[in-house]
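Notes to accompany the following structure.
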Amino acid sequence: MNQLMTEIIDGLGVMHLTPGNVAMWLIAFVLFYLAIKKGVEPLLLLPIGFGVFAANFPLTGLLEEGGLFYIFYHYGIENELIPPLIFLGLGAMTDFGPVIANPKTLLLGAAAQLGVYAAFFGALFTGLFNVKEAACIGIIGGADGPTSIFLSANLAPHMMGAVSVAAYSYMALVPIIIPPIAKALTTKQERAMPMGMMRMPSKTEKIVFPVLASIVIILLVPKSAPLIAMFMVGNLFMESAVVDRLTDVARNALMNIVTILLGLGVGSTMTADSFLNSKTIGVFIMGVVAFAFATAGGVLLAKLMNLFTKNKVNPLIGAAGVSAVPMAARVVHNMGTEANPQNYLLMHAMGPNVAGVIGTAVAAGAFITAIL
Amino acid sequence: MTQVNAPMVGKVLSVDVKVGDQVKKNDVLVTLEAMKMQIKVYAPADGEVAEVNCNAGDVVSTDTVVVALK
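Residue numbers (the UniProt record's numbering), protein chains in the order written: chain A, 1 to 372; chain B, 1 to 70.
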């Protein structure tokens with residue numbers, strides 16, 4: 001009888017609850033608060049938060065082989081299925097028109113990857129992180145959640161929770177991070193520089209672009225193929241306008257389903273053992289460095305381009321190269337309008353903004369090629 | 001006559017002037033919604049509103065003259 005009672009009591013989850021579990025619940029509650037009360041990336045932070053919450057109950061078996069969250073994580077994320085499916089949906093929502101109208105903006109998106117490499121080398125320099133971990137921290141500067149998760153799954157799965165939460169949190173802070181850096185690197189005169197009307201690319205150009213971009217990017221960085229191929233096929237669905245059903249599924253139903261699985265899967269990786277350590281603090285600090293350098297890289301390249309080109313660009317649009325589509329472009333537009341109400345930078349900023357997504361996927365592919 | 005085109009493709013949220021209004025440079029003429037953002041279209045110069053060619057709910061593009069000033 002005593003043994004039975006002992007077994008029953010021992011089987012109660014509450015008997016195995018650790019301070020670490022409770023600490024992780026508090027982190028989950030912070031994520032709930034940010035998502036529900038502050039509107040910070042709710043589509044991701046809410047499922048991630050609940051993933052953290054549920055994964056830190058003792059004795060559930062959710063994370064053991066065959067457990068529900070294990071299945072989400074192992075088959076969805078570790079096997080690199082979900083991030084490319086998210087890219088499919090993103091492609092089906094992305095208008096490459098601004099990039100096609102002004103291909104120079106591709107360079108600005110590439111320049112913003114300065115943040116990725118600055119944070120990578122910075123993280124290595126601290127001595128806290130190995131090369132694989134440093135690459136995952138660097139990619140936070142690309143401000144692209146699925147790419148951060150994709151790279152973490154490849155190089156440092158134990159860092160995925162911290163890296164993805166840092167990436168999504170800082171993306172929400174783009175309106176706070178970009179303005180001071182972009183202002184410090186530009187004069188009011190530069191910020192007030194109006195840009196003319198953008199030409200409207202033809203339908204043919206928009207159809208050719210995803211095919212051409214796939215050829216160039218995947219031939220140069222083959223390991224970026226899972227993300228780039230799905231991004232471009234989604235875009236081709238949309239621009240061809242002959243598979244509306246597929247476009248609709250890619251950017252609505254499928255996107256929503258995989259977002260739930262992604263959020264819960266990523267959140268479930270954030271157990272007390274893997275999250276409550278000094279490396280997590282390092283990830284968050286270096287994440288800010290990554291964003292700051294990404295902003296600076298785009299702005300400085302835009303200024304450099306203006307020294308050598310006839311059709312000058314407002315250097316603010318370089319700041320949109322940090323991705324975080326379309327929030328970074330909106331921030332840039334507001335800064336431009338503040339300097340000169342006749343300045344409409346939104347669509348011009350979408351060029352580097354979209355190019356930044358491509359640039360980050362390429363940077364992730366380059367890391368995998370170089371490190372694995 | 002100064003023609004004011006929509007700066008980008010967007011939906012007209014509100015027309016903030018009417019024919020005959022006197023406006024100063026940088027006064028708001030029309031408010032658009034593009035990329036889930038409110039974009040205010042400002043007067044490029046002082047003048048009188050001669051034409052208003054759009055209504056709330058219209059979708060306009062860069063070749064749409066939304067307002068003309070004289």
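No residue lacks a Cβ here, since even glycine has one placed at the ideal position from N, Cα and C.
- With distances taken between CB atoms, is the gap from ASN311(A) to ALA92(A) smaller than 9 angstroms? Within the first sequence, the letter at position 311 stands for residue 311(A). Within the first sequence, the letter at position 92 stands for residue 92(A). Going by C-beta atoms, ASN311(A) is not nearer than 9 angstroms to ALA92(A).
- Find the nearest neighbour of VAL163(A) within the set PRO175(A), LEU173(A), VAL174(A) and PHE150(A), judged by alpha-carbon distance. As a first step, residue 163(A) is located in the first sequence; it is residue number 163 there, counting from the start. Closest option to VAL163(A), Cα to Cα, is PHE150(A).
- Message: Using DSSP's beta-bridge definition, name the partner residues of SER14(B).
- Response: Position 14 of the second sequence, counted from the start, is the residue given in the question as residue 14(B). Beta-bridge pairing links SER14(B) to THR31(B).
- Message: Can you tell me where the alpha helix (DSSP H) holding ALA290(A) begins and where it ends?
- Response: Along the first sequence, one-based indexing puts residue 290(A) at 290. Counting along the chain, the alpha helix (DSSP H) containing ALA290(A) begins and ends at 278 to 308.
- Could you check which residue in THR337(A), ALA363(A), ALA167(A) and ILE177(A) has the C-alpha nearest to that of LYS40(B)? If you number the second sequence from 1, residue 40(B) lands on position 40. Checked all of THR337(A), ALA363(A), ALA167(A) and ILE177(A); the closest Cα to LYS40(B) is THR337(A).
- Message: Which residues of the region 334 to 351 of chain A have a Cβ closer than 7 angstroms to any Cβ of chain B? Give them in chain order.
- Response: PRO341, GLN342, TYR344, LEU346 and MET347
- Grouping DSSP H, G and I as helix and E and B as strand, with all else coil, what is GLY141(A)? Position 141 of the first sequence, counting from 1, holds the residue named residue 141(A). In the structure shown, GLY141(A) sits in a helix (DSSP, three-state: H, G or I).
- Counting along the chain, where does the alpha helix (DSSP H) carrying LYS206(A) start and finish? Within the first sequence, residue 206(A) is the residue found at index 206, counting from 1. That run of the alpha helix (DSSP H) goes 203 to 220.
- Item | Identity of the residue in PRO19(A), ALA253(A) and ILE86(A) nearest ALA361(A) by Cα | The count along the first sequence starts at 1 and reaches residue 361(A) at position 361. Residue ILE86(A) is the option with its Cα nearest to ALA361(A).
- Message: For a test of the three-state rule: what should DSSP assign to TYR344(A), helix, strand or coil?
- Response: By one-based count along the first sequence, residue 344(A) stands at place 344. TYR344(A): coil per DSSP, three-state reduction.
- Message: Using a Cβ distance threshold of 8 angstroms, determine whether the region 153 to 168 of chain A contacts the region 127 to 136 of chain A, with at least three qualifying pairs required.
- Response: yes
- Query: Straight-line CA distance for GLY297(A) to ALA363(A)?
  - Reply: Locating residue 297(A) in the first sequence gives position 297, where the first residue counts as 1. Locating residue 363(A) in the first sequence gives position 363, where the first residue counts as 1. Roughly 15 angstroms separates the two Cα atoms.
- Query: If we ignore side chains and look at the alpha-carbon of each, how far apart do ALA320(A) and GLU190(A) end up?
  - Reply: Translated into the one-based positions of the first sequence, residue 320(A) becomes position 320. Translated into the one-based positions of the first sequence, residue 190(A) becomes position 190. Taking the straight line from one Cα to the other gives about 16 angstroms.
- Query: Who does GLY47(B) pair with in a DSSP beta bridge?
  - Reply: Here residue 47(B) refers to the residue found at position 47 of the second sequence. DSSP, once it has assigned bridges, lists VAL23(B) as partnering GLY47(B).
- For VAL266(A), which of LYS132(A), LEU128(A) and HIS74(A) has the nearest alpha-carbon? Numbered from 1 along the first sequence, position 266 holds the residue referred to as residue 266(A). Closest by alpha carbon: HIS74(A).
- C-beta contact flag for ASP46(B) and LYS25(B) at 9 angstroms: Sequence index remark: in the second sequence, residue 46(B) carries index 46 (1-based). Sequence index remark: in the second sequence, residue 25(B) carries index 25 (1-based). The answer is yes: Cβ separation under 9 angstroms.
- Message: For a cutoff of 9 angstroms on Cβ pairs, would you count MET193(A) as touching chain B?
- Response: To locate residue 193(A), count along the first sequence from 1; it is residue 193. No, MET193(A) lies away from the interface with chain B (no Cβ there is under 9 angstroms from its Cβ).
- Message: Tell me the rounded alpha-carbon separation between residue 375(A) and SER148(A).
- Response: Beyond the ends of chain A as shown, which are 1 and 372, falls residue 375(A); an answer cannot be given.
- Message: Using a Cβ-Cβ distance cut-off of 9 angstroms, determine whether PRO326(A) contacts chain B.
- Response: Residue numbering aside, residue 326(A) sits at position 326 when the first sequence is read from its first letter. Yes, because at least one Cβ of chain B sits closer than 9 angstroms to the Cβ of PRO326(A).
- Supposed contact pair VAL9(B) and ALA34(B) - C-beta distance, whole angstroms, cut 8 angstroms: On the second sequence, residue 34(B) is found 34 positions in, with the first residue counted as 1. On the second sequence, residue 9(B) is found 9 positions in, with the first residue counted as 1. The Cβ separation is near 7 angstroms, so the contact holds.
- Specify, as a first and last residue, the run of the beta strand (DSSP E) that GLU39(B) falls within. The residue given as residue 39(B) occupies position 39 in the second sequence. This sequence places Ile at residue 39(B); Glu is not what is there. Its beta strand (DSSP E) spans residues 37 to 42.
- Query: Under the three-state reduction of DSSP, which class applies to VAL354(A): helix, strand or coil?
  - Reply: Residue 354(A) sits at position 354 when you count from the first residue of the first sequence. Here VAL354(A) sits in helix by DSSP.
- What are the partner residues of VAL332(A), as DSSP defines its beta bridges? For the purposes of this step, residue 332(A) is taken as residue 332 along the first sequence, with counting starting at 1. In the DSSP output, where bridge partners are listed per residue, VAL332(A) has none listed.
- Give the interface partners of MET35(B) over in chain A, defined as CB-CB distance under 8 angstroms, in chain order. On the second sequence, residue 35(B) is found 35 positions in, with the first residue counted as 1. Correct list: PRO326, ALA329, ARG330, LEU346 and MET350.
- Message: Does LEU12(A) come out as helix, strand or coil in the three-state DSSP assignment?
- Response: Here the question's residue 12(A) lines up with position 12 in the first sequence. Note: LEU12(A) maps to coil in three-state DSSP.
- Query: Taking the DSSP output, what are the residues bridged to ALA68(B)?
  - Reply: Counting from one through the second sequence, the residue named residue 68(B) turns up at place 68. In the DSSP output, where bridge partners are listed per residue, ALA68(B) has GLN3(B) and GLU51(B).
- Message: Within the continuous alpha helix (DSSP H) that includes PHE129(A), where are the two ends?
- Response: Walking along the first sequence from the start, residue 129(A) turns up at place 129. No alpha helix (DSSP H) contains PHE129(A), which DSSP labels as neither H nor E.
- Query: Between MET335(A) and the rest of its own chain, which residues show a CB-CB distance below 7 angstroms, the 5 nearest in sequence each way excluded?
  - Reply: Numbered from its first residue, the first sequence carries residue 335(A) at position 335. Closer than 7 angstroms at the Cβ level, and outside the excluded window around MET335(A), lie PRO179, ALA182, ARG191 and LEU316.
- Note down, in chain order, every chain A residue with its Cβ under 8 angstroms from the Cβ of ASN26(B). Position 26 of the second sequence, counted from the first residue, corresponds to residue 26(B). The contacting residues are PRO341 and GLN342.
- Message: According to DSSP, is VAL116(A) part of a helix, a strand, or is it coil?
- Response: Mapped onto the first sequence, residue 116(A) falls at position 116. Three-state DSSP puts VAL116(A) in a helix.
- Is it right to say THR204(A) is buried, meaning 16 or more other beta carbons lie within 10 angstroms of its own, or is it exposed? Working through the first sequence from its first residue, we reach residue 204(A) at position 204. Exposed is the call here.
- Three-state class that DSSP yields for VAL99(A) in the structure shown: Within the first sequence, numbered from 1, the residue matching residue 99(A) stands at position 99. DSSP places VAL99(A) in helix when its eight states are reduced to three.
- Item | Candidates VAL15(B), GLN38(B), ASP21(B) and ASP16(B), of which the one nearest ALA50(B) by Cα | Taking the first residue of the second sequence as 1, we reach residue 50(B) at position 50. Ranking the options by Cα distance to ALA50(B), first place goes to ASP21(B).
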